[in-house]
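The working numbering numbers the first residue of the sequence shown as 2 and each following residue consecutively.
Ideal Cβ positions, reconstructed from N, Cα and C, are used throughout, including at glycine.
Reviewing the structure listed below.
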Amino acid sequence: KPLVVGITGGIGSGKTTVVEIFKKLNVPVYIADKKAKSLMQNDSNLIKRIKKSFGDQSYDINGNLNSTYLSNIVFNDSKKLASLNSIVHPAVRKDFQSWLSQQRAKYILYESALIFEHEQQDKFDCIILVTAPREVRIKRVQKRDNCSANDVIKRIDNQMDEKIKIKKADIIIENIKYKELSQKISSINYKILTKLY
Ligand code: ATP
């Protein structure tokens, strides 16, 4: 059975960028946030439960998930957010277990932005945290999503403080200069393979 390594980091830290480099080293990656969206779009059981809790408007007439509608409902209501999570998380967990059982690598990566926020850390053999200075993250996301600094700051402040995450993580990847990233990741890959982390 492969080691299950979680990889997380705040918005704009560069998780996706880091994960792409691990993929090039043939590490299998499960991208939980993307999978959750795809299950919400395609898993008929899940669709039924979402409609029951949040209304038929959660999907448009073509059956496409109305994520704007759902985000607006849960964004300022922590009870509704918890309720949506309690419907979606078990479906992701099941999908992940079935994916994991098919993997033959020594370790796999499970990418999620909110491992610590959702208190999922105990599910992992170890956790990698991708970090970058706040100003760098704000600039990156502003550029990527074409939005204002204030929009980014709101999203950053909605997540757990990076300093707290640093204390909880086993391995930190500071992602500032792209040039140094491949080298850092090769060495971490080696450490995990030889369980030296
Ligand atoms: P989110 O949580 O929003 O999905 P993320 O942590 O996955 O964010 P990325 O999408 O990987 O972050 O990176 C955010 C932006 O910053 C992207 O446009 C990416 O190309 C850029 N970026 C990431 N790392 C670096 C780097 N080391 N140097 C320059 N640009 C970078």
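Helix or strand or just coil, what does DSSP make of Tyr111?
Taking the sequence shown and counting its residues from 1, the one referred to as residue 111 is at position 110. Three-state result, Tyr111: strand.
Is the region 100-110 close to the region 18-35, with three or more CB pairs under 8 Å?
Touching, yes.
In this structure, how does DSSP classify Tyr31 when only helix, strand and coil are distinguished?
Here residue 31 refers to the residue found at position 30 when the sequence shown is read from its first residue. Three-state result, Tyr31: strand.
Our contact map puts Ala133 next to Ile172 with C-beta atoms below 8 Å; I'd like the distance itself, whole angstroms only.
Along the sequence shown, one-based indexing puts residue 133 at 132. Along the sequence shown, one-based indexing puts residue 172 at 171. That belief does not hold up - the Cβ atoms of Ala133 and Ile172 are roughly 15 Å apart, past 8 Å.
Looking only at its chain, what residues have a beta carbon closer than 6 Å to the beta carbon of Val20, apart from the 5 residues adjacent to it on each side?
On the sequence shown, position 19 is the one that residue 20 refers to. For Val20, where only same-chain residues beyond five positions count, the Cβ hits under 6 Å are Val30, Glu112.
Nearest by alpha-carbon distance to Glu175: which of Lys16, Lys2, Pro3 is it?
Here residue 175 refers to the residue found at position 174 of the sequence shown. Nearest C-alpha to Glu175: Lys16.
Nearest CA to the CA of Asn65: which residue from Asn46, Ile189, Ser39?
As a first step, residue 65 is located in the sequence shown; it is residue number 64 there, counting from the start. It is Ser39 whose Cα lies nearest to the Cα of Asn65.
Count the other CB atoms within 10 Å of the CB of Lys166; is the residue buried (16 or more) or exposed (fewer)?
Walking along the sequence shown from the start, residue 166 turns up at place 165. Label assigned to Lys166: buried.
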